[in-house]
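Below is one structure, written out as structure tokens, with a few remarks after it.
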Amino acid sequence: MFDKIKGSIEKFSSRNVADKEAVKELVKDIQRDLIRADVDVGLVSDLTDEIKEEALKEDLPSGLSRKEHVLKIVYDKLENLLGEKAEVEVEPKNILLCGLYGAGKTTTAGKLADYYRKRGMKVGLIAADTDRPAAYNQLKQISEDVEAEFHGDPDAEDPVKVVEEGMEKLDTDVTIVDSAGRDSLNERLKQQLSDMSDAFQPEEKYLVIPADIGQSAREQAEMFHESVGITGVIVTKMDSSAKGGGALVACADSEAKVKFIGTGEKMGDLEEYDPVDFVSDMIGQPDLESLLEKIEEMDTDPEALLEGDFTMMDFKEQIESVTQAGVMEEMMQQLPFSSNKLPDNMQDMTEGKIENYTVIMDSMTDEEMKDPSIIKGSRRERIAKGSATDKSEVGELVKHFKQTKNMMDKFDKKSMKRGNMKDMMSKMGL
Ligand SMILES: Nc1nc2c(ncn2[C@@H]2O[C@H](COP(=O)(O)OP(=O)(O)OP(=O)(O)O)[C@@H](O)[C@H]2O)c(=O)[nH]1
Ligand SMILES: [Mg+2]
202 MFDKIKGSIE KFSSRNVADK EAVKELVKDI QRDLIRADVD VGLVSDLTDE IKEEALKEDL
262 PSGLSRKEHV LKIVYDKLEN LLGEKAEVEV EPKNILLCGL YGAGKTTTAG KLADYYRKRG
322 MKVGLIAADT DRPAAYNQLK QISEDVEAEF HGDPDAEDPV KVVEEGMEKL DTDVTIVDSA
382 GRDSLNERLK QQLSDMSDAF QPEEKYLVIP ADIGQSAREQ AEMFHESVGI TGVIVTKMDS
442 SAKGGGALVA CADSEAKVKF IGTGEKMGDL EEYDPVDFVS DMIGQPDLES LLEKIEEMDT
502 DPEALLEGDF TMMDFKEQIE SVTQAGVMEE MMQQLPFSSN KLPDNMQDMT EGKIENYTVI
562 MDSMTDEEMK DPSIIKGSRR ERIAKGSATD KSEVGELVKH FKQTKNMMDK FDKKSMKRGN
622 MKDMMSKMGL
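Quick note on the numbering used here: the sequence shown kicks off at 202 and runs consecutively.
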């Protein structure tokens, strides 16, 4: 789903104008992408209606282009659809895994053990799937792979007894119980999970579900939530199913929240769930970065913006370094993509504009260079006259400076001063 939406957004971004037609097409594309990922049709329809309405009807916030405005709306709506980021505390706890046949419980038990061990916890695994004879060996092997302590009994028939023995034997910070699967959540499974819970007193009860069940994840999550009291969901096989998006959205729409996702068969293939990551990846990091900077800037007091480290003097130096010996062209050539993916304010840095900026800054007083926020009214007029430019160009430069400053204050100032644009670009993930 995420790859597909990314493609649709890229298609929209590469258009010259974000007119009604372009927005309509983007909405149609996203609609198709979401439905293919098995996202509930009702949710898709609500989401795309909202995007269309807000993207076309709302007044444009000043400082944002129509295209940026649309992207921001899409960003917000998708993030909303995908629910909340997981809060995962690394602290001693008992974790009980449950779920239906083949969901990925045993593999996930190993992945969680690996996750907590790498974060300094002493971990133990308990093999409480007494139904399937091979389950014991599978978990034993996994615990050796991830260097976790292990307890199990290949001949045991009562999983509760195995759990109790395991708790006696293991002296671990994080203890994880792998339970048996079923075709469905029947009375026997409910009873077994409830008895194990009573003995084990787990802080976390995670339901493991595979991505390929798509939107029916919602029903399953709610059923387990009601009868077992799960504290979260782990969605596995995100790497091998096109329906992962549908499963994540379905869980976000339920009472049970996604905590981790499984992204492969290896023990390291477990990630904390973070919708922002997915969405940033879809929109494209450089676009998103400049977009969020702009929005942040609009919400901020302009005076406060100028108090940071990066000054107009630095800006001038930086601009001058860019004009030297075609640094700009060289930089563009080294980038792994076409210039239309650059943040707007970089893309606009044509040679002519850079020259103009230099002339305008030459007409500013030291006081104005130190604190460009005072450049208003008559000062702006004087500078425009002195540099034979237009008042609007002076305003544009100040705005451009603020945007750049906002961005620069996040990065290493020294490398900026050296005019090391490449370094800066790599820091921005460009
Ligand atoms: N590609 C991929 N495969 C996974 C992932 N998680 C688990 N698997 C595979 O899914 C299959 C079933 O995994 P198990 O961990 O045995 O599932 P289970 O829920 O314990 O199964 P039962 O105990 O039989 O109910 C195995 O072949 C795993 O390698 C994942 O995130 N990605
Ligand atoms: Mg298993």
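Virtual Cβ for every residue (Gly too), placed ideally from N, Cα, C.
I'd like the list of long-range same chain contacts for residue i, defined as Cβ closer than 6 Å, with 5 residues on each side in sequence excluded.
i	result
leucine 371	Gly325, Glu350, His352
phenylalanine 425	Leu408, Ile431
leucine 536	Reliability of the predicted coordinates at leucine 536 is poor, the pLDDT of 48 falling under 50, and no value is obtained from them.
aspartate 204	none
phenylalanine 538	Because the pLDDT of phenylalanine 538 is 43, which lies under 50, any placement of that residue in the model is unreliable, and the number read from its coordinates should be weighed accordingly. Cβ within range, chain order: n/a, list empty.
arginine 216	Ala223
alanine 526	The pLDDT assigned to alanine 526 is 43, lower than 50, so where the model puts this residue is not dependable; a value taken from the coordinates is nonetheless given after this. Result list for alanine 526: empty, nothing under 6 Å.
Relative to the C-alpha of residue i, which candidate in the options has its C-alpha closest?
i	options	result
lysine 253	Gly578, Leu390, Asp220, Thr512	Asp220
glutamate 427	Lys606, Leu394, Val436	Leu394
arginine 237	Ile576, Lys571, Thr566, Gly447	Gly447
serine 385	Ala304, Ala400, Ile327	Ala304
glutamine 402	Met202, Asp239, Val361	Val361
lysine 460	Asn387, Leu390, Thr437	Thr437
isoleucine 484	Val275, Asp359, Thr373	Val275
aspartate 315	Leu279, Gly463, Phe516, Lys205	Gly463
cysteine 299	Lys406, Asp250, Arg267	Lys406
aspartate 230	Ile206, Asp413, Glu569	Ile206
tyrosine 474	Ala443, Met468, Met439	Met439
leucine 449	Ala418, Gln339, Glu472	Ala418
leucine 279	Pro262, Val240, Leu340	Val240
alanine 310	Ser344, Thr331, Asn281	Ser344
isoleucine 414	Leu244, Gly445, Glu582	Gly445
glutamate 211	Gln392, Leu272, Leu340, Lys306	Leu272
isoleucine 520	Phe602, Asn295, Pro573	Phe602
serine 246	Arg333, Glu404, Leu282, Gly578	Leu282
leucine 297	Val375, Glu556, Glu582	Val375
glutamate 255	Val228, Pro355, Gln232	Val228
Got a sec, what are the start and stop residues for the alpha helix (DSSP H) residue i sits in?
i	result
phenylalanine 213	203-214
asparagine 281	267-282
proline 411	Not the alpha helix (DSSP H): proline 411 falls in the beta strand (DSSP E), residues 405-411.
valine 477	476-484
lysine 586	578-587
glutamate 568	567-571
glutamate 255	242-258
Hey, is residue i close to ligand 2, as in C-beta under 6 Å from one of its heavy atoms?
i	result
alanine 336	yes
aspartate 354	no
threonine 309	no
aspartate 330	yes
lysine 306	yes
Which same chain residues, not among the five before or five after residue i, have their C-beta less than 8 Å away from its C-beta?
i	result
glutamate 466	Thr308
alanine 422	Leu408, Ile410, Ile431, Val434, Ala451, Cys452, Ser455, Glu456, Ala457
glutamate 285	Ala453, Lys458, Pro476
methionine 570	Thr512, Met513, Met514, Lys517, Met562
Would you say residue i touches ligand 1, meaning its beta carbon is less than 6 Å from a heavy atom?
i	result
lysine 444	no
glutamate 466	yes
serine 380	no
threonine 437	yes
glycine 415	no
serine 441	yes
tyrosine 178	No statement about residue 178 is possible, as the shown extent of the chain runs from 202 to 631 and does not include it.
glycine 469	no
tyrosine 302	yes
glycine 367	no
aspartate 447	Reading off the sequence shown, one finds glycine at residue 447, where the question assumed aspartate. No.
isoleucine 463	Contrary to the premise, residue 463 reads as glycine rather than isoleucine in this sequence. Yes, ligand 1 has a heavy atom inside 6 Å of this Cβ.
Spatial neighbours of residue i within its chain, please: CB distance less than 7 Å, with the 5 preceding and 5 following residues excluded, ordered by chain position.
i	result
alanine 505	Note that alanine 505 has pLDDT 42, beneath the 50 cutoff, so the model's placement of it is unreliable and the number below is only indicative. Excluding positions up to five away in sequence, the list is empty.
aspartate 502	Any answer about aspartate 502 is weak, because its pLDDT of 45 lies below 50 and its placement is not dependable; what the coordinates show is given next. Correct list: empty, nothing qualifies.
valine 364	Ile327, Ala329, Val378, Met397, Ala400, Phe401
valine 291	Tyr317, Arg320, Met322
Let's see if you can read the secondary structure: which residues bound the beta strand (DSSP E) around residue i?
i	result
leucine 298	294-299
glycine 350	The identity of residue 350 in the sequence shown is glutamate, whereas the question assumes glycine. Residues 350-352.
Could you tell me which uninterrupted beta strand (DSSP E) segments, each at least 3 residues in length, are contained entirely in the stretch 373-401, listed from first to last along the chain? 375-380
What runs of the beta strand (DSSP E), each 3 residues or longer, lie entirely inside the stretch 317-344? 324-329
Considering only residues of the stretch 419-470, which uninterrupted alpha helix (DSSP H) runs meet the minimum length of 4 residues and lie entirely inside it, listed in chain order? 445-453
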